[in-house]
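S.K.: Supplied in structure tokens, the structure appears directly below.
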Amino acid sequence: MPKMNMVQALNLAFHQEMEKDETVVVMGEDVGVNGGVFRVTDGLYNAFGKERVMDTPLAESGIVGTAIGMAIGGLKPVAEMQFSGFAYIGFPQIENNAARMRNRSRGQFTVPMVLRMPYGGGVRALEHHSESKETYWAHTAGIKTVIPSGPRNARALLVAAIRDPDPVIFYEPKHSYRAFKEEVPEAEEVMELGKAQVTHEGTDLTVVTWGSMYHQTRRVVEEYMEQTGVSVELIDLLTIAPMDYKTITASVRKTGRCVVVQEAQRTLGPASEIIALINDHALMYLEAPVKRVSMFDVTMPYFSREQMFMPTPKQIRRAMSETLDF
Amino acid sequence: MLSIRRFEERVLELFSRGELFGTTHTSIGQEAGAVAVIDHLKHGDFIVSGHRCHGHYLAWTVDYAGLFGELMGRAGGVVGGRGGSQHLHAEGFYTNGVLGNMVPVAAGMAMAEKRRGEGAIGVLFLGDGAMGEGTVYETLNMLSLWQLPLLVVVENNCYAQTTPLDLHFAGSFSGRAKAFGVDTGEIESNDVRELHSHFESIVKKVRGTSAPHMEIVHTYRLCAHSKGDDFRPAEEIETWRRRDPLRIEAARLDEESRNEIERQVEEIIHEAEQRARARPPAGARTNRVMEAVR
Ligand SMILES: Cc1ncc(C[n+]2csc(CCOP(=O)(O)OP(=O)(O)O)c2C)c(N)n1
Ligand SMILES: [Mg+2]
Chain U
1 MPKMNMVQAL NLAFHQEMEK DETVVVMGED VGVNGGVFRV TDGLYNAFGK
51 ERVMDTPLAE SGIVGTAIGM AIGGLKPVAE MQFSGFAYIG FPQIENNAAR
101 MRNRSRGQFT VPMVLRMPYG GGVRALEHHS ESKETYWAHT AGIKTVIPSG
151 PRNARALLVA AIRDPDPVIF YEPKHSYRAF KEEVPEAEEV MELGKAQVTH
201 EGTDLTVVTW GSMYHQTRRV VEEYMEQTGV SVELIDLLTI APMDYKTITA
251 SVRKTGRCVV VQEAQRTLGP ASEIIALIND HALMYLEAPV KRVSMFDVTM
301 PYFSREQMFM PTPKQIRRAM SETLDF
Chain X
1001 MLSIRRFEER VLELFSRGEL FGTTHTSIGQ EAGAVAVIDH LKHGDFIVSG
1051 HRCHGHYLAW TVDYAGLFGE LMGRAGGVVG GRGGSQHLHA EGFYTNGVLG
1101 NMVPVAAGMA MAEKRRGEGA IGVLFLGDGA MGEGTVYETL NMLSLWQLPL
1151 LVVVENNCYA QTTPLDLHFA GSFSGRAKAF GVDTGEIESN DVRELHSHFE
1201 SIVKKVRGTS APHMEIVHTY RLCAHSKGDD FRPAEEIETW RRRDPLRIEA
1251 ARLDEESRNE IERQVEEIIH EAEQRARARP PAGARTNRVM EAVR
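Chains U and X supply the protein sequences, listed in that same order.
Sequential numbering of the first sequence, starting at 1, is according to my numbering.
Sequential numbering of the second sequence, starting at 1001, is according to my numbering.
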């Protein structure tokens, strides 16, 4: 199997899916001739032409809205927002049209579109180039919010998102774009949306995380297990909404303890929902309160300070110890 | 102009040496417009700019040390080292890197100035790419409807990041302004003196009539969009390099004064950088607190 980074893996998904399905159309700022600022759409313009790989004006509201119309009309647009912080300009279109069309039309129209956007910190950029606001999207019924964590699942989830009959927000952890490579099979691979993945099975503590926090957390978990002999079950959430509460709560019923690690701000971040779901489905199995590690409730600071605000290995480790020692 | 150029060249140098991080957009090649327009403004006026704002900021404040400090993320930076290259806020100066986002805000500020009645005006700088954003047209409508004293300066450098004008822009700049009944004009120039006299009457008119105006300056950036991301044809860049605003102006000066100006500018930039470096990293105290709680 070839080894790829996330950018290459996403690019592979595009090549294969566009080859296979003529209705798939890529659009966004600088995605065509140039191949995208992060190079995710590299080579697509030459392979599929300007009708299917469209450079757009700088107009996020227009891009999202047009994509919605194209989707209603039978195409499968995959639109890119250059950074997640620019997607707010398209927010009314996502919220008022993409998310509501199926329901509002009583199922007559669906919006099979994907809105891709790089998110997250650790790349020493500026505020809206670095934030994690998956909650905005997850809070909106009618859209799915997906966050891959590595090259292989990014590829398989993007294919699933393109094929999904409803709008999918595809939140790409830009910190992991080129951070590491994984084996990605050449043959088609599709993962089901809405399913979390248990990546390490364990019995003493459940740790739930996603996106670029997954790798940091995995390293801490592996080191911790080696040093202490504790058995940790690690869950990569992959889809934020709809949330796979079954996988999470089945794990917590087994371990009785849970830590959630999110890059997002604390207040009403996905961790809040995870804790509420554990409350609903596994409360009586808990041996300790569920802990969360998160960003602080502030605007993402400039590079010189971002490390001060992002969850650190030390915090993750401490949360695990405190939960286990409770 | 020269000090903006030397400042930004130094910024790019520091980036390539790994001393600065994140994003930055320099105005190398486009400095003339910034200097020409801003020289006509008075205390009390305001400027709203976007991601490519160093030239505007420096022409307005001459605060080289503050901008260095901001880019370095140090105390003493324009906003305490917390905003970075495209989030500068100082007296009468506002930027935000989200394209088009500040356009209606500028109109609102112009409204407030109009009500205050002290004759202040605002200048909004936009790129050709930002003209794609819908807020621009909502705002042109309001500017005209409410006759607000805002001068919109469109710096058309023929590209939105990597996308050339013909792939992102339909119709004409002035046609868009005219459609809303906003006075408009255009000039293709990198000559600071020509631009300076061109904008004199425009600024006077906006101030005198308290009505909006949109002026398009056709120019070109001689630098990459950000750092090293340049995909434009080399011949095209070369053509414009011959029209470098510094070259045009330098041709008017004798060698002695050129050298003298270079020397002075070098000193200003060097001294500003040292001053910025002498300050501690931004928010050192908060960092200590954070370290303790984590
Ligand atoms: C809303 C929004 N979308 C996308 C971007 C990313 N971006 C930054 S600068 C830029 C190109 C801007 O082109 P233009 O307005 O012509 O200004 P120029 O860079 O040429 O000075 C883009 C796409 C952004 N900052 N804000
Ligand atoms: Mg431009």
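Yeah, the Cβ is synthetic: ideal placement off N, Cα and C, and Gly gets one too.
Given that a residue counts as buried once 16 or more other Cβ atoms are within 10 Å of its Cβ, and exposed if not, what is residue 1300 of chain X?
M.R.: Nothing can be reported for residue 1300 of chain X, as the shown portion of chain X is limited to 1001 through 1294.
S.K.: Check each residue's C-beta against every heavy atom of ligand 2 and list, in chain order, those closer than 6 Å.
M.R.: Output, sorted by chain position: X:1127, X:1128, X:1129, X:1157, X:1159, X:1160.
S.K.: Just to check, is the beta-carbon of residue 1225 of chain X closer than 7 Å to a non-hydrogen atom of ligand 1?
M.R.: The answer is yes for residue 1225 of chain X.
S.K.: I think residue 1241 of chain X touches residue 1222 of chain X, with their Cβ atoms under 8 Å apart; what is that distance to the nearest whole Å?
M.R.: Right, their Cβ atoms sit about 6 Å apart.
S.K.: In whole angstroms, what separates the C-alpha of residue 26 of chain U from that of residue 1214 of chain X?
M.R.: Straight-line Cα distance between these residues: approximately 34 Å.
S.K.: My assumption, with CB atoms under 8 Å, is that residue 323 of chain U sits in contact with residue 237 of chain U. Please give the rounded CB distance.
M.R.: The Cβ separation is near 18 Å, so there is no contact.
S.K.: Starting from the beta carbon of residue 1023 of chain X, find every residue of chain U whose beta carbon is closer than 8 Å, and list them in chain order.
M.R.: In chain order: 125, 126, 129.
S.K.: Using the three-state DSSP reduction, which class does residue 294 of chain U fall into: helix, strand or coil?
M.R.: Residue 294 of chain U: strand per DSSP, three-state reduction.
S.K.: Could you pull the start and end residues of the alpha helix (DSSP H) that residue 1273 of chain X belongs to?
M.R.: Here the alpha helix (DSSP H) through residue 1273 of chain X covers 1255-1277.
S.K.: Enumerate in chain order the residues of its own chain whose CB-to-CB distance from residue 253 of chain U is below 6 Å, with the five nearest sequence positions on each side excluded.
M.R.: Correct list, in chain order: 282, 285.
S.K.: Assign residue 1169 of chain X to one of three DSSP states: helix, strand, or coil.
M.R.: It is coil, neither helix nor strand.
S.K.: Give me the residue from X:1254, X:1151, X:1039 with the minimum Cα distance to residue 1104 of chain X.
M.R.: Among X:1254, X:1151, X:1039, the Cα nearest to that of residue 1104 of chain X is on X:1151.
S.K.: Where residue 1101 of chain X and residue 200 of chain U are concerned, what is the direct C-alpha to C-alpha distance, given to the nearest angstrom?
M.R.: Between residue 1101 of chain X and residue 200 of chain U, the C-alpha separation is close to 44 Å.
S.K.: Could you check whether residue 1128 of chain X and residue 1169 of chain X sit closer than 8 Å to each other, using their CB atoms as the reference points?
M.R.: It is a contact, given that the beta carbons lie within the stated cut-off.
S.K.: How about residue 1048 of chain X and residue 1124 of chain X: do their beta carbons lie closer than 8 Å?
M.R.: Contact: yes.
S.K.: Which chain X residues sit within Cβ distance under 7 Å of residue 301 of chain U?
M.R.: Those are 1082, listed as they occur along chain X.
S.K.: Considering only DSSP beta bridges, list what residue 146 of chain U is partnered with.
M.R.: In the DSSP output, where bridge partners are listed per residue, residue 146 of chain U has U:170, U:239.
S.K.: Please list the residues of the region 1104-1138 of chain X that have a C-beta atom closer than 7 Å to any C-beta atom in chain U, keeping them in chain order.
M.R.: Result list: 1129, 1130, 1132, 1133, 1134.
S.K.: Checking 8 Å against the spacing of the C-beta atoms, do residue 171 of chain U and residue 146 of chain U come in under that value?
M.R.: The answer is yes: Cβ separation under 8 Å.
S.K.: Can you check whether the CB of residue 164 of chain U is closer than 8 Å to the CB of residue 112 of chain U?
M.R.: Yes, the Cβ-Cβ distance between residue 112 of chain U and residue 164 of chain U is below 8 Å.
S.K.: What number of angstroms, rounded off, separates the C-alpha of residue 1178 of chain X from the C-alpha of residue 1291 of chain X?
M.R.: Approximately 56 Å, taken between the alpha carbons.
S.K.: Which residues share a DSSP beta bridge with residue 1125 of chain X?
M.R.: Looking at the DSSP assignment, residue 1125 of chain X forms a beta bridge with X:1153.
S.K.: Hey, would you say residue 189 of chain U sits closer than 8 Å to residue 161 of chain U, going by beta carbons?
M.R.: No.
S.K.: Under 8 Å Cβ-Cβ, which residues of chain U neighbour residue 1287 of chain X?
M.R.: The contacting residues are 305, 308.
S.K.: Which parts of the region 44-74 of chain U are runs of the alpha helix (DSSP H), unbroken and 4 residues or longer, counting only runs that do not cross its ends?
M.R.: Listed in chain order, they are 44-48, 60-72.
S.K.: Smallest Cα separation from residue 1138 of chain X: which of X:1262, X:1079, X:1076, X:1180?
M.R.: Out of X:1262, X:1079, X:1076, X:1180, X:1180 has the C-alpha closest to the C-alpha of residue 1138 of chain X.
S.K.: Pop quiz: residue 58 of chain U and residue 18 of chain U are said to be a contact at Cβ under 8 Å. What is the actual Cβ separation, rounded to whole angstroms?
M.R.: Incorrect: roughly 24 Å between the Cβ atoms, too far for contact.
S.K.: Among the candidates X:1233, X:1071, X:1034, X:1262, whose CA atom is the shortest distance from the CA of residue 1126 of chain X?
M.R.: If we check each option's Cα against that of residue 1126 of chain X, X:1034 comes out closest.
S.K.: Just list the beta strand (DSSP E) runs in the region 222-287 of chain U, keeping only unbroken ones of 3 residues or longer that don't cross its boundaries, in chain order.
M.R.: The qualifying runs are 232-236, 239-241, 258-265.
S.K.: For the region 51-64 of chain U, which residues have a CB atom closer than 9 Å to at least one CB atom of chain X, in sequence order?
M.R.: Answer set for the region 51-64 of chain U: 55, 56, 57, 58, 59, 60, 61, 62.
S.K.: Name, in chain order, the residues that DSSP records as bridge partners for residue 26 of chain U.
M.R.: Per DSSP, U:53, U:78.
S.K.: Cβ of residue 122 of chain U less than 8 Å from any chain X Cβ?
M.R.: No, because no Cβ of chain X sits closer than 8 Å to the Cβ of residue 122 of chain U.
S.K.: Between the alpha carbons of residue 8 of chain U and residue 132 of chain U, how many angstroms are there, rounded?
M.R.: Those two C-alpha atoms are separated by around 23 Å.
S.K.: Taking CB distances under 8 Å as the criterion, tell me whether residue 42 of chain U reaches chain X.
M.R.: It does not; no Cβ of chain X falls within 8 Å.
S.K.: Are the region 1081-1094 of chain X and the region 1022-1042 of chain X touching, with three or more C-beta to C-beta distances below 8 Å?
M.R.: At 8 Å Cβ cutoff, the stretches touch.
S.K.: For ligand 1, I want to know if residue 1167 of chain X counts as a neighbour, meaning its beta carbon is within less than 7 Å of at least one of the ligand's heavy atoms.
M.R.: It does not: the Cβ of residue 1167 of chain X is nowhere closer than 7 Å to a heavy atom of ligand 1.
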